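Colleague: Here you go, one structure.
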Amino acid sequence: MPTPASVLSDLNDRDSAAPRITCYDDVPGPTAGERIELSGRVLGTWVSKAGNALQEEWDIEPGSVVRLSMQPHWRLLYWAWAAWSVGAHVDLDGDLTADLVVTDDAGSLPDEGPAVLVTRGALARSAGTDLPDPVMDEAAELASFGDDFVAWQEPDEDDLALTLEGSSLTHAAAVADVVAAVPVATGARLHLVDPTAGRLLRAAMSAWAGGGSLVLQLGGVDAQTLTRRASSEGVTAE
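Its first residue numbered 2, the sequence shown is counted upward by one per residue in this note's numbering.
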């Protein structure tokens with residue numbers, strides 16, 4: 002039975018060179034105009050680095066709660082899969098007591114306790130602001146962690162993996178439940194336009210479980226641009 006953590010590793014066992022997410026960022030701001038494409042191998046490297054950080058810096062393990070307070074973005078995905086790779090519980094609702102908060106908004110950093118500030122820019126090398134000691138500047142520090150990952154512990158089947166929209170799923174049931182709720186055809190290249198963080202996470206899990214990939218559009222563009230990009234990227238599902 003697949004688990005969230007095994008979805009990505011199984012995908013890379015089949016074809017690690019294929020693109021798994023292509024992101025167009027047209028949100029007003031410093032990242033506007035970015036296009037980035039990650040193969041399964043590159044995505045897996047980001048997951049490994051973040052997973053190593055979770056274990057080595059904060060002792061995140063099965064039963065730990067990692068709150069992802071982030072806008073929909075490709076970086077949200079590797080932090081979610083990193084948390085699952087160490088057996089942790091991902092909280093998108095923000096209602097649980099978190100062992101670690103990962104956010105892309107400096108204004109959402111907790112008053113106390115460990116946190117990670119994520120910078121959206123693909124080439125960012127720092128957050129560009131001074132951060133208090135318990136907060137990791139992801140852009141400056143994550144690259145120093147290893148590209149290879151081995152989990153120190155494995156979650157039990159009934160350990161919680163995801164809390165989203167008031168519902169919680171276990172590591173054993175999450176993939177099957179998400180695939181049933183958000184069906185994506187096997188091998189599909191799925192087009193997502195300004196999804197919520199929850200929609201993005203579930204769509205990625207369902208698409209990747211079936212060997213597919215995502216084309217993610219963030220920010221408003223005209224219909225002609227959307228159609229042109231979808232065609233050039235080989236989109237097969239909306």
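We put the CB at the ideal spot given by N, CA and C, even for glycine. The model shown is predicted, which means the values in this text are computed figures rather than measured ones.
What residues in its chain sit with their C-beta under 6 Å from that of His-192, if we drop five residues either side in the sequence?
Modeller: Val-216, Ala-231, Val-236, Glu-239
Colleague: Helix, strand or coil for Glu-247, going by three-state DSSP, please let me know.
Modeller: With the chain covering only 2 through 239, there is no way to say anything about residue 247.
Colleague: Is Pro-5 helix, strand or coil by DSSP?
Modeller: Reduced to three states, the DSSP call for Pro-5 is helix.
Colleague: What is the residue span of the alpha helix (DSSP H) that Ala-204 lies within?
Modeller: 198-210 is the span of the alpha helix (DSSP H), which, as asked, contains Ala-204.
Colleague: Could you please give me the residues that DSSP links to Thr-104 through a beta bridge?
Modeller: DSSP, once it has assigned bridges, lists Ser-70, Leu-118 as partnering Thr-104.
Colleague: At the level of alpha carbons, what is the spacing between Ser-10 and Glu-38?
Modeller: Annotation: Ser-10 to Glu-38 spans about 18 Å, alpha carbon to alpha carbon.
Colleague: Check whether the Cβ atoms of Val-66 and Asp-100 sit closer than 7 Å, and answer yes or no.
Modeller: yes
Colleague: Measuring CB to CB, does Ala-128 end up less than 7 Å from Ala-144?
Modeller: no
Colleague: Do the segment 71-83 and the segment 170-180 make contact, defined as three or more Cβ pairs closer than 8 Å?
Modeller: no
Colleague: Can you tell me whether DSSP reads Gln-218 as helix, strand or coil?
Modeller: strand
Colleague: Is the beta carbon of Val-136 less than 7 Å from the beta carbon of Ala-162?
Modeller: no
Colleague: Along the alpha helix (DSSP H) that carries Ser-232, what are the first and last residues, could you check?
Modeller: Membership of Ser-232 in the alpha helix (DSSP H) is indicated by the continuous run 224-233.
Colleague: Is it right to say Trp-153 is buried, meaning 16 or more other beta carbons lie within 10 angstroms of its own, or is it exposed?
Modeller: exposed
Colleague: Are the beta-carbon atoms of Ala-210 and Val-176 separated by less than 7 Å?
Modeller: yes
Colleague: Distance, Cα to Cα, Pro-63 vs Asn-53?
Modeller: 14 Å
Colleague: Roughly how many angstroms lie between the CA atoms of Leu-69 and Tyr-25, to the nearest whole one?
Modeller: 21 Å
Colleague: Report all residues from its chain with a CB closer than 6 Å to the CB of Gly-220; omit the five preceding and five following residues, and keep chain order.
Modeller: Asp-27, Val-28
Colleague: So, are the CB atoms of Ser-214 and Val-179 less than 7 Å apart?
Modeller: no
Colleague: For His-172, list the residues DSSP reports as bridge partners.
Modeller: Looking at the DSSP assignment, His-172 forms no beta bridge with any residue, so it has no partner.
Colleague: Could you have a look at Arg-76 and say whether DSSP puts it in helix, strand or coil?
Modeller: DSSP places Arg-76 in helix when its eight states are reduced to three.
Colleague: Taking the beta carbon of Arg-203 as the centre, do at least 16 other beta carbons fall within 10 Å, making it buried, or is it exposed?
Modeller: buried
Colleague: Given this structure, state the Cα-to-Cα distance separating Arg-42 from Arg-36, to the nearest angstrom.
Modeller: 18 Å
Colleague: State the start and end residues of the unbroken alpha helix (DSSP H) segment that holds Ala-141.
Modeller: 139-142
Colleague: Suppose the cutoff is 8 Å on Cβ atoms and the five residues either side in sequence are ignored; what does the same chain contact list for Gly-34 look like?
Modeller: Asp-26, Asp-27
Colleague: If I'm right that Pro-122 touches Thr-46 with Cβ under 8 Å, what's the distance once you round it to whole angstroms?
Modeller: Here residue 122 turns out to be Gly, not Pro, going by the sequence shown. Actually they do not touch by this definition, with Cβ atoms about 18 Å apart.
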